[in-house]
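Reviewing the structure listed below.
Residue numbers (our numbering): 147 to 468.
Laid out in C-alpha cells, this is it:
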C-alpha cells in the first residue's frame, strides 16, 4: 500500500504530476499572487528532492535552470518525489527586483513566523508546507547587480554526505560557506535537510554556461540519489579539476572611475597579477588593481564604472587537501 502524501492540501498519488498554485498573499491592489509548485511522484518510494530558484526575484538564471528541468521532463522521477519551484519570490520576479513587496530580503526572513511580516509569513509557509517534505534541497542563486559568479556550489561545514553530493554536482568550485542567519539554507539545514546552494551568473541575466552547468548538476545529483536514473549512455559532466575552498577574499576598487577587467572568470591568479584597470574618462589617469593573494577568480564585476570601495573581484583560496 503506497504511503499517503499530501502537499499543499493536494493528495500526491504515485505516478502522477501536479501543478499546485499557492495563494497565500495579495498585493495592495488585492490582486492574488500565485506561486506554482510542480510536484511529481514516482510509483516507487524514494527520497524527496526540492529544486527551487528565484528566492531573489531578479535572479533569473536559476529560474531558467529549473524551467529547463520541467520543460524536458527531467522532473518526472523513477523513484521518490521531485518538487520544483521555479520562482519562489513571484512578487520580485514580476517587477524584476530582489526584494519582497514589504522591502525585505526573503532570504533573510527564514524560518519565518505565522504572524510576522509578509516576507516572514511567506518564509514560514514555504518551510512548513514545502521544505518539510524534502530530504534534499537544491537552491539556485546568482551574483547581485553586475557581479558575475562563476558556477559554484556552497555547502555547510562538516557534512560529508552533502560534500559528496556537491562533488557529484560537478561545478568547478565547491565552497565550505558559513550559513547566513535567517537564510533559507541555514533554516533547511537546521531541519535536517541536505542543501546544495548553487551560485552562477548575475542578476537579470541568462547565461548559457551557467544554465548548462546548473541543469547538468541537477541531473548528476538525481542520478546519484537514484531518483532519476539515466541510461548507461548518460555521460555526467564533472569538471576535471574541482577546487575546494573555505577561504576567499573580495578585491575592491582603490579609486573611482571607468573599470576594465583584464582577467577571466574561473581562472587561477597569482599574487601580484593585475586584475583590472581604473581610468578617468579623459585619458589622464590610470591605476592598476593587483591581487594581494593567489587563488582562483570566482566572481568578476561587469560594471564599466566603479566607485572607490566597490567589489570588483572575488578570489577563492584553495584548500591544501583539495
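We put the CB at the ideal spot given by N, CA and C, even for glycine.
Note that this is a predicted model, so its numbers are computed, not measured.
- Message: Below 8 Å, how does it come out for the region 301–321 and the region 360–367: are there three or more Cβ pairs, yes or no?
- Response: Touching, per the Cβ criterion.
- By Cβ distance, which residues of its chain are closer than 6 Å to residue 345, with the 5 residues on each side in sequence left out? 287, 295, 298
- Query: Among residues of its own chain, excluding the 5 on either side of residue 271, which ones have a beta-carbon nearer than 6 Å to its beta-carbon?
  - Reply: Closer than 6 Å at Cβ, skipping near neighbours: 170.
- Okay, do the region 193–213 and the region 163–179 touch, 3+ Cβ pairs below 8 Å being the bar? Verdict: no, contact absent.
- Can you tell me whether DSSP reads residue 266 as helix, strand or coil? helix
- Item | Which listed residue (458, 391, 444, 395) has its alpha carbon closest to that of residue 424 | 458
- Query: Looking only at DSSP bridge pairs, what is residue 447 linked to?
  - Reply: Answer by DSSP bridge pairing, in chain order: 293.
- Message: Can you tell me whether residue 450 is buried or exposed? The criterion is at least 16 other CB atoms within 10 Å of its CB, across all chains shown.
- Response: Burial call: exposed.
- Message: Quick check: what's the CA-CA separation for residue 196 versus residue 408?
- Response: 39 Å
- Could you please give the first and the last residue of the uninterrupted alpha helix (DSSP H) stretch that includes residue 369? 354–371
- Item | Inter-residue CB distance, residue 441 and residue 461 (contact presumed, cutoff 8 Å) | 4 Å
- Return helix, strand or coil for residue 389, following the three-state DSSP convention. Three-state result, residue 389: strand.
- Query: Can you find at least 3 beta carbon pairs, one from the region 389–399 and one from the region 428–446, that sit closer than 8 Å?
  - Reply: yes
- Item | Per-residue DSSP class, three states only, for residue 284 | strand
- Query: In angstroms, rounded to a whole number, what distance separates the CA positions of residue 433 and residue 464?
  - Reply: 28 Å
- Message: Please state whether the Cβ-Cβ distance between residue 199 and residue 233 is less than 8 Å.
- Response: yes
- Item | Alpha-carbon to alpha-carbon, residue 374 and residue 150 | 21 Å
- residue 176 (DSSP reduced to helix, strand or coil): coil
- In this structure, what does DSSP give as the bridge partners for residue 421? Per DSSP, none; premise fails for residue 421.
- Query: Name the DSSP bridge partner or partners of residue 461?
  - Reply: 395, 443
- Can you check DSSP and say which residues form a bridge with residue 319? Residue pairing of residue 319 in beta bridges, as defined by DSSP: 298, 389.
- Item | DSSP state of residue 225 mapped onto helix, strand, coil | coil
- Message: Can you look up residue 215 in the DSSP assignment and give me helix, strand or coil?
- Response: helix
- Query: If you draw a straight line from the C-alpha of residue 330 to the C-alpha of residue 281, how long is it?
  - Reply: 15 Å
- Query: Is it right to say residue 256 is buried, meaning 16 or more other beta carbons lie within 10 angstroms of its own, or is it exposed?
  - Reply: buried
- Query: Exposed or buried, which one is residue 148 when buried takes at least 16 other CB atoms within 10 Å?
  - Reply: exposed
- Message: Give me the residue from 262, 351, 321 with the minimum Cα distance to residue 293.
- Response: 351
- Message: My assumption, with CB atoms under 8 Å, is that residue 217 sits in contact with residue 372. Please give the rounded CB distance.
- Response: Their Cβ separation, rounded to whole angstroms, is 23 Å, which puts residue 217 and residue 372 out of contact at 8 Å.
- Can the beta-carbon of residue 342 be found less than 8 Å from the beta-carbon of residue 284? yes
- How about residue 367 and residue 405: are their beta carbons less than 8 Å apart? Residue 405 sits away from residue 367, with the two beta carbons spaced by 8 Å or more.
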